[in-house]
Amino acid sequence: MAAMAECRDVRAAGTPGQCASAPPMPTPTLPALLALHGAVLLFGFAGLFGKWLALSPVAIVLGRTLVAAAALGLLVAARRQRAPFVAGLAANGIVLAVHWVAFFEAIRVSTIAIGLLGFASFPLFVLVLERVMLGRRWSQVEAITALMVALGLVVLVPRFDWEDRTVQGLLWGVLAGFTFALLAVRSRRYAATHAPVAVALWQNAVAAAVLAPFVVAGAVAVPAVTAHDVMLLLVLGLVCTALAHTLFIGSLRRVSAHTASVVAALEPVYGIALAALLLGEVPSPRTLLGASLIVGAALVATRRAA
């Protein structure tokens, strides 16, 4: 906190230079933006597994992180890369576990569209977290995009009733959004000095270690796992987690956390389209209106970054 206070004091005085706790803002490149969009596409596809798998959110995330950590560990060993562990990555792993459990719970109690759109609230939280953790000032465009996301969330709620499953799904989705924003801001700090594969490896490994005791102790009911469930968990862990997570963290070397977070708001577009195509979940006009505001914010940020 002392370093952050000093950083704010230096900036207030107009003194040039960068603080150790606030790395220079990166300049986006086309490969980084393509990697970011590829990761977001896979993240959107992951939402469908919340409906395909007859498991609790904790069990799904445990399987997902175990598969991802194992795959990334083998990749690091095959490449003979160094994957040093730092305490900060343990905190990231805990945040990641909470994020994914909240994400799948949002989809379980509501629809894929509502869960994804609630999660897409994270640009609001990124602005606040970057201001608090990195001392970064807001721009007018960023404030407008955040407002568009907030309005989109309000439009999604048909009535403010705590018993309404749409409200429940949005609340879990907003929790997933907050934890994702925290993870994005924290990951940027390590993306500059650690290989993306190593960061993803330790975050998934810690997330699995945090969730495993709940399943082993019987605190979370886990039905009999079928061969079909195992296949789905492998796809979810390898493609939608290990690959997507590595792409996302790698893109943060050249893309700011805020730009990455708002681009990732395109996730509902991919998820809603795939849910309509593969599950027959057709969104309502109200959902489409809210989605248009949220996605509009993402497009503005993407164009500005490019």
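The sequence shown: position 298 = 291 (our numbering), numbered continuously. A virtual CB, placed ideally from N, CA and C, is assigned to each residue, including glycine. If you're wondering where the values come from, they're calculated on a predicted model, not measured in any experiment.
Can you list, in chain order, the residues of its chain whose CB lies under 6 Å from that of residue i, leaving out five sequence neighbours each side?
i, result
"A235", "A61, A64, L65"
"V262", "V288"
"A25", "S244, R247, V248"
"F78", "W195"
Around the C-beta of residue i, are 16 or more other C-beta atoms found within 10 angstroms, so that it is buried, or is it exposed?
i, result
"A220", "exposed"
"A15", "Residue confidence for A15 is low, a pLDDT of 45 falling below 50, so the modelled location carries little weight; the figure read from the coordinates is stated next. The residue in question, A15, is buried, as its Cβ has 16 or more Cβ neighbours within 10 Å."
"T58", "buried"
"L175", "buried"
"V209", "exposed"
Near residue i, what residues of its chain come up, given a Cβ to Cβ distance below 7 Å and the 5 sequence neighbours on each side ignored?
i, result
"S180", "N85, V192, I242, L245"
"L46", "I53, D222, L225"
"A28", "L240, G243, S244"
What do you reckon, is the C-beta of residue i under 6 Å from a heavy atom of the ligand NAP?
i, result
"R279", "Ligands displayed in this structure: none; no statement on the ligand NAP is therefore possible."
Indicate the three-state DSSP secondary structure (helix, strand or coil) for residue i in the structure shown.
i, result
"E98", "helix"
"F207", "helix"
"L46", "coil"
"A269", "helix"
"D157", "coil"
"A76", "coil"
"T219", "coil"
"L176", "helix"
"T252", "helix"
"S285", "helix"
"T22", "coil"
Using a Cβ-Cβ cut-off of 8 Å (strictly less than) and excluding sequence neighbours within five positions of residue i, which residues of its own chain qualify?
i, result
"L41", "I105, G264, L267, A268, L271, L272"
"E98", "P50, W165"
"V54", "A90, W93, V94, F97, A200, L204"
Quick test of your reading: residue i and residue j, contact by CB under 8 Å. State the CB separation rounded to the nearest angstrom.
i, j, result
"G162", "V102", "5 Å"
Flag this pair as touching only if the region 104 to 111 and the region 163 to 172 have three or more C-beta atom pairs under 8 Å; answer yes or no. Cβ pair count under 8 Å is three or more, so yes.
With contact counted as at least three CB pairs below 8 Å, one residue from each stretch, are the region 139 to 153 and the region 70 to 87 in contact? Between the region 139 to 153 and the region 70 to 87 there are fewer than three C-beta pairs closer than 8 Å, too few to call the two in contact.
Between the region 272 to 279 and the region 202 to 219, are three or more C-beta pairs nearer than 8 Å?
Taking a cut-off of 8 Å on C-beta distances, the region 272 to 279 does not touch the region 202 to 219, as fewer than three cross pairs fall below it.
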